[in-house]
């Protein structure tokens, strides 16, 4: 009886709390002049057009021959086209049209992980699903920035023949010699207009390669990022196949119309799982009927495809979760038990724990002068700007040759820019004080930089003020494991409740009051928080994840070194493919299971773990 009363109270609190969040804005960042016309389910014959769909297209093309961008006819019906606002309003009134909306722009939500999950659970995650006589080859579709097919993580030496049910293609571009599929990467498509259309699905950004190898990379021994995090890399379902849908070709984002085209193709191609590590910003999220990801996922699930999406990186604010449709498995990010430590040694021999990736070549002894940035304030400059190491705020003569301690409080100036500013002024290192960033290892290259907590920051400042000639050093990074507490929810991971489905409880009441739970291989975040229901279904490892990388990188490459073959990234982008890999493994073992059954199996196979969000 007590639990029933608690449930009713929490349910009431949920609806009360949801009312505190504003309606999502109607305006969103979008592709100017392009609209998506959504017309619901496709014709009964796949690939053919419904009559009202065909009539609308015919009418449109008679007026504007080059208006059409994408035509959706496999998994659902509709199209994307260049339209005026008046034309869009007119089409919205036509028979068979469900919704018409501007083409939105999505952004990316930027291997020790699987070993850690194995260690924390009793489930044997290294088991080979193909050993089961009732198993099947699962196909994971990755919508992302493409893939670097030459990576050892996508070697097909251990793979059997491509499944006969696969209907997809390897669109290798005009020069097939530059991109080749194999028995691991069994399909690849690239989307774009004009010159972009002729390009290959080759990843030039790294994100898609990292995601794909996390989901389904084969086992590769002795990998690291320049010696850090050394070990064996392996995806969640190494026996699964990969189908690549390159919907991002630059850092400028991906259009919703392109994402819908990829969904449409993936449904026809025959994938089993779709993995999307991107979405809109939480303040731009639209109602489901106007959301390309929600619409594409809905029809994918109707066709037996499990859809897994990242929850977004707009945390820790409540109501910041995206990709929250109830048919999507929405993934938050948690920490791993490996940290990238770059400690500070003070002149009094005290060691301060820091986080960051740097390969600095300076002495390990504390011999370098250290200064609080605020002490180098230029005349006429606000001290708040100086202590945050903002541009043109510090006196070069004071900064030169010193390690500089910077605050990061109420500053919108990125930590990378603080590094550049101090470096430009002749500083030899940066110690950044930030409690949230302390939990994520940012890559500072060969420049000595680390992030410490505010508590430790107070110790550093106390030391600086205690002596006439304070000195310190910043140690190069090490990567110890078995760090506790882990896992915990990452500070950046978007929280619920969702601002969109106000009349939907996306939670399993049977586990509603277990608090934060640990699943075999996954973590289920709290389903209630501050009296309000949370939205992400699952939290998986998404902080400091090592996975495959592109072979022509320059940004992450150390001076004088070859490009790294593996790289460390953080974000719900990295958490999502962990779950996609698990979903594929479950599908492999249970070929007849529906997306709902797979999602339920993942979410309800739980063990309690005491930890804090």
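Numbering (mature numbering (1 follows the signal peptide of the UniProt record, and there is no 0)), first residue to last: -28 to -1, 1 to 585. Glycine is no exception: its CB is placed at the ideal position from the N, C-alpha and C atoms.
query	result
As assigned by DSSP and simplified to three states, the class of residue 183	helix
Euclidean distance between Cα positions of residue 64 and residue 28	11 Å
Start-end ranges of the beta strand (DSSP E) lying completely within the stretch 348 to 398, minimum 3 residues	375 to 379
Proximity below 8 Å, CB of residue 304 to CB of residue 515	no
Cβ neighbours of residue 66 in the same chain (closer than 8 Å, five flanking residues each side left out)	24, 28
Reduced DSSP category for residue 548 - H, G, I as helix; E, B as strand; rest coil	helix
Counted within 10 angstroms of its Cβ, other Cβ atoms place residue 323 as buried (16 or more) or exposed	exposed
Helix, strand or coil at residue 283 according to DSSP, with G and I counted as helix	coil
Buried/exposed call for residue 588, threshold 16 Cβ in 10 Å	Only positions -28 to 585 of the chain appear in this structure, which leaves residue 588 out of reach.
Residue from 397, 527, 118, 528 with nearest C-alpha to residue 221	118
Beta-carbon proximity check, residue 80 vs residue 179, cutoff 8 Å	yes
Extent of the continuous alpha helix (DSSP H) run through residue 268	264 to 274
DSSP state of residue 81 mapped onto helix, strand, coil	coil
Closest residue to residue 186 among 566, 36, 429, 125 (Cα-Cα distance)	125
Exposure of residue 381, with buried meaning 16 or more beta-carbon neighbours within 10 Å	exposed
Buried versus exposed, by CB contacts within 10 Å (16 or more), residue 574	buried
Residue range of the unbroken alpha helix (DSSP H) whose run includes residue 34	23 to 35
Cβ-based neighbour list, residue 177, same chain, cut-off 6 Å, excluding 5 preceding and 5 following	117
Other residues of its chain near residue 242: CB distance less than 6 Å, five sequence neighbours each side excluded	137, 138, 139
Beta-carbon separation (whole angstroms), residue 466 vs residue 284, contact threshold 8 Å	4 Å
Complete beta strand (DSSP E) runs within the stretch 399 to 437 (minimum length 3 residues, chain order)	401 to 405, 421 to 424
DSSP three-state assignment for residue 522, whether helix, strand or coil	coil
Residue 150, DSSP secondary structure in three states	helix
C-beta atoms of residue 537 and residue 195 nearer than 8 Å	yes
Opening and closing residue of the alpha helix (DSSP H) in which residue 234 lies	228 to 241
Three-state class that DSSP yields for residue 260 in the structure shown	helix
Residue 210 classed as buried or exposed, judged by whether at least 16 other C-beta atoms fall within 10 angstroms	buried
Contact set for residue 328: own chain, Cβ-Cβ below 7 Å, skip 5 residues either direction	312, 314, 413, 414, 416, 421, 422, 423, 449
Exposure label - residue 86; buried when at least 16 CB within 10 Å	Unreliable positioning characterises residue 86 in this predicted model, as indicated by a pLDDT of 42, which lies under 50. The coordinate reading is nonetheless provided below. The residue is buried, with at least 16 neighbouring Cβ atoms inside 10 Å.
C-beta contact flag for residue 559 and residue 278 at 8 Å	yes
Coil, strand or helix - residue 247 by DSSP	strand
Backbone secondary structure at residue 531 - three-state DSSP	coil
Inter-residue spacing [alpha-carbon to alpha-carbon] between residue 20 and residue 46	8 Å
For residue 53, the first and last residue of its enclosing beta strand (DSSP E)	50 to 54
Three CB pairs or more closer than 8 Å across the stretch 229 to 239 and the stretch 530 to 550	no
Per DSSP, the bridge partner or partners of residue 445	317
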